[in-house]
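Student:
In the UniProt record's numbering, the protein residues as written are 1 to 353.
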């Protein structure tokens, strides 16, 4: 325990006491109760069941493929996205700030400039040892986690830790305060006509963020100003019904969930849907989703023109205007939108103006 600070030891002891009282409490919630970040809580486990790794993303991320079949987890405050598969086809941009994982099963967009620390955890649970690689941002919030499964290549775990073990097994994290949110301009300050003209001229849905930036518009503000040709508000409780209709019709969909530094995508059908209190869940063998439906403050049906025709999505936002989850029909670039998805997406009546 010599590498740990006294504060780290004290934090770990406080966490163990809390776990004794609430054995099912997740690390994220325990950190909130203890008034620390989840990264600090994880760092307090060094020399117990955790090793700090070097944040060498360009070599570490491709090496995760050696673990074989894993479960990738990305979440925000209101939604957890878990997808099983092999971590392969990893690309890191030349400047090291962006990354992609584009395999058929694990599909990620990585904004590596916000990634700060990474740990390998081997936690003893009632069902055996649960091994994971956990990444945190400069505020100590979890960005992305990769868990071994019963089908993983267990013999690759220790060599991976040996190769990427940080020489300094320090619990010091040098956390930074959260950047101030961008100031939202009043609607009157946005040139609505120019925004709508820019929207109508879109050729690629990936250019949407640049459109917002060019016009200084927040995302939900742009949806409000776009007009009902392009964006219609829906009742927040309608989202579960879209999943249910997609499952009943066996319509493959794309489910995007992200935070500031990682977006994770599932492409395929959904089938085993379950409510647990106010949480709506997809519990399929390769894909799990856990959605806190009470956090959905706004739900929109959004249409974006592209060179492949109009692309329709459903987009759920929290009370701060942060995107919780996005749904599209399953498609690849260069292919028009699926008719069965468009029928589902257009079925639900919009809220009255």
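We put the CB at the ideal spot given by N, CA and C, even for glycine.
#1: On the criterion of 16 or more Cβ atoms from any shown chain inside 10 Å, does residue 80 qualify as buried, or is it exposed?
#2: Can you check DSSP and say which residues form a bridge with residue 267?
#3: For the beta strand (DSSP E) that contains residue 301, what are its first and last residues?
#4: What residue ranges within the region 133–167 form continuous alpha helix (DSSP H) runs of no fewer than 4 residues, ordered along the chain?
#5: Under three-state DSSP, which class holds residue 95?
#6: Label residue 145 either buried or exposed according to how many other C-beta atoms from any shown protein chain fall within 10 Å of its C-beta, with 16 as the threshold for buried.
#7: What is the DSSP secondary structure of residue 326, reduced to helix, strand or coil?
#8: Going by DSSP, what residue range makes up the beta strand (DSSP E) through residue 104?
#9: Of the residues 288, 194 and 93, which one's Cα is nearest the Cα of residue 243?
#10: Rank 298, 169 and 283 by C-alpha distance to the C-alpha of residue 219 and give the top, closest one.
#11: Tell me residue 282's beta-bridge partners as DSSP assigns them.
#12: Compare the beta carbon distance of residue 254 and residue 265 with 7 Å and say whether it is the shorter of the two.
#13: Grouping DSSP H, G and I as helix and E and B as strand, with all else coil, what is residue 62?
#14: Compare the beta carbon distance of residue 169 and residue 52 with 7 Å and say whether it is the shorter of the two.
#15: Bridge partners of residue 124, per DSSP?
#16: Answer yes or no: does any C-beta atom of chain D fall closer than 7 Å to that of residue 60?
#17: What residue range is occupied by the uninterrupted beta strand (DSSP E) comprising residue 73?
#18: Look up residue 231 in the DSSP assignment and say whether it is helix, strand or coil.
#19: In whole angstroms, what separates the C-alpha of residue 2 from that of residue 38?
#20: Does DSSP put residue 202 in a helix, a strand or coil?
#21: Measuring alpha carbon to alpha carbon, tell me which of 195, 204 and 203 ends up nearest residue 221.
#22: Comparing C-alpha positions only, which one of 106, 113 and 35 sits nearest to residue 84?
#23: Output the distance between the C-alpha atoms of residue 66 and residue 148, rounded to the nearest integer angstrom.
#24: Write down the C-beta distance between residue 102 and residue 89 rounded to the nearest angstrom, noting that I regard them as a contact closer than 8 Å.
#25: Would you call residue 199 buried or exposed, if buried means 16 or more other Cβ atoms sit within 10 Å of its Cβ?
#26: Consult DSSP for residue 42 and reduce its assignment to one of helix, strand or coil.
#27: How should residue 78 be labelled, buried or exposed, when 16 other C-beta atoms within 10 angstroms of its C-beta is the threshold for buried?
#28: My guess is that residue 151 and residue 268 are in contact by the Cβ rule of under 8 Å, so how many angstroms apart are they, rounded?
#29: Please look up how many angstroms separate the CB atoms of residue 140 and residue 173, rounded, as I've assumed it's under 8 Å.
#30: Can the beta-carbon of residue 312 be found less than 7 Å from the beta-carbon of residue 342?
#31: Are there 16 or more other CB atoms within 10 angstroms of the CB of residue 337, so buried, or fewer, so exposed?
#32: Classify residue 339 as helix, strand or coil using the three-state DSSP reduction.
#33: Taking DSSP as the reference, what is the three-state secondary structure of residue 89?
#34: Ignore the nearest five residues each way along the sequence and tell me which others in residue 321's own chain have a CB closer than 7 Å to its CB.
#35: Which class does residue 17 belong to by DSSP, given the choice of helix, strand or coil?
#36: Along the beta strand (DSSP E) that carries residue 112, what are the first and last residues, could you check?
Tutor: Let me spell this out:
#1: buried
#2: 254
#3: 298–304
#4: 157–164
#5: coil
#6: buried
#7: strand
#8: Per DSSP, residue 104 belongs to no beta strand (DSSP E) and is neither H nor E.
#9: 288
#10: 298
#11: 273 and 289
#12: yes
#13: helix
#14: yes
#15: 129
#16: The structure shown contains no chain D; it is built from a single protein chain.
#17: 68–75
#18: strand
#19: Because residue 2 sits at a pLDDT of 33, beneath the cut-off of 50, its placement in the model cannot be relied upon, and the point is left open.
#20: coil
#21: 195
#22: 106
#23: 11 Å
#24: 5 Å
#25: buried
#26: helix
#27: buried
#28: In fact, because the Cβ distance is near 18 Å, the residues do not count as touching under 8 Å.
#29: 6 Å
#30: yes
#31: buried
#32: helix
#33: coil
#34: 218, 219 and 220
#35: helix
#36: No beta strand (DSSP E) holds residue 112; DSSP gives it neither H nor E.
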